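Quick notes on the structure that follows.
Numbering (full-length UniProt numbering), first residue to last: 1 to 322.
Okay, structure coming up:
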């Protein structure tokens, strides 16, 4: 007894958004060879990256091309835009949810918590404290700090890179100047500045950066999925805005002077902290005036105004306090 022709694979109708009957007609209008090759496509689609991750991945790839001086015309190609548009229509944008910024009180608690993690080497505590505090103070993205074995060596920051960063000098564990001072004196000049392990030569990949952040966030009794590596950059801008700084003056110039080695931001999204930036029950212990703000506000700062506190300008080559 002969069986009828095989129907479309499961998931095709749902992916296309049409009826089962229409899917069956469409499927059998394809050539047999096409049906054979396309049978696993729906499952591959479901295993693919969400739209926003695919878009961010392309942005990171373009940034890498810019750093290497390569041609970037392909990223503005009309075919690529049409492909992304179709990808978005087919899979949707998804609902990852807005991520919360790491404000200064939360940064303080994260750094204290991280210093107590027993599964890190002693030097790793310092490396990660530098990375986290510098990401906050200088509005940096994690991509400007992390690296792995596949990273171009020319883009890895070393003690002798000669990069200058402008950062506030403050008291306590959240001071990036103090951390950089100690770090520059225990690293050989040619060694990567942000490196882990007992040898000090292992990479600091993005996955480790985020994992340690999430562990510290969880120890603060907050939801880890509400924070990501960009929470430091957004947190610094939020903290500056929340303390009465004009949103129309010199923020962009400050960002351009602090984030010197990779990106040149022209605007920055700032979220007023209506969220619980401190662990439950500890809000009074952290004098964060934005914690009790009643309504969420999201705005875009277009460069302009942040009267900075007392600044020091440490150089990565022989960091010194000015």
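C-beta: ideal position from N, C-alpha, C; glycine also. As the structure is a prediction and not an experimental result, all values here were calculated from the model.
If you look at residue 190, you'll find it isn't in any alpha helix (DSSP H); DSSP assigns it neither H nor E.
Per the C-alpha coordinates, the member of 33, 156, 108 positioned closest to residue 171 is 108. For residue 27, the enclosing alpha helix (DSSP H) starts and ends at 20-28.
Shortest Cα-Cα distance from residue 74 to any of 123, 61, 207, 191 involves 61. No residue range can be given for residue 225, since it is assigned to no alpha helix (DSSP H) and is classified by DSSP as neither H nor E.
Taken through DSSP and simplified to helix, strand or coil, residue 214 comes out as helix.
For residue 178, the enclosing alpha helix (DSSP H) covers residues 176-186. In the three-state reduction of the DSSP assignment, residue 52 falls in the helix class, which pools H, G and I. For residue 122, the enclosing alpha helix (DSSP H) begins and ends at 122-137.
For the pair residue 209 and residue 146, the CB atoms are nearer than the 9 angstroms cut-off. A Cβ-Cβ distance of about 3 angstroms is found for the pair residue 142 and residue 229, placing them in contact under the 8 angstroms criterion. Contact annotation: residue 232 and residue 176 have beta-carbon atoms that are not nearer than 9 angstroms. About 5 angstroms separates the beta carbons of residue 235 and residue 103, which is inside the 8 angstroms limit, making them a contact pair. Secondary structure at residue 164: strand, using DSSP grouped into helix, strand and coil.
The Cβ atoms of residue 128 and residue 212 lie closer than 9 angstroms to each other. For residue 150, there are no CB contacts under 8 angstroms within the same chain when 5 residues up- and downstream are skipped. For residue 79 and residue 206, the gap between their C-alpha atoms comes out near 30 angstroms.
Checking the DSSP bridge columns, you'll see residue 196 partnered with 202. A direct Cα-Cα distance of roughly 13 angstroms separates residue 88 from residue 56. Sorting 10, 53, 202, 70 by C-alpha distance to the C-alpha of residue 123 places 202 at the top.
With respect to residue 187, residue 193 sits close: the two C-beta atoms are nearer than 9 angstroms.
CA-to-CA, the gap between residue 25 and residue 90 works out to about 20 angstroms. DSSP places residue 158 in the strand class (E or B) of the three-state scheme.
Within the model, the alpha-carbon separation for residue 156 versus residue 111 is close to 24 angstroms. Between the alpha carbons of residue 179 and residue 199 lies a gap of roughly 19 angstroms.
Take the alpha-carbon of residue 65 and the one of residue 59: they are about 10 angstroms apart. Relative to the Cα of residue 99, the nearest Cα in the group 19, 223, 240, 239 belongs to 223. Counting other Cβ atoms within 10 Å of its Cβ, residue 241 reaches 16 or more and is therefore classed as buried. For residue 230, no alpha helix (DSSP H) encloses it, and the DSSP letter there is neither H nor E.
Residue 70: not part of any alpha helix (DSSP H); DSSP gives it neither H nor E.
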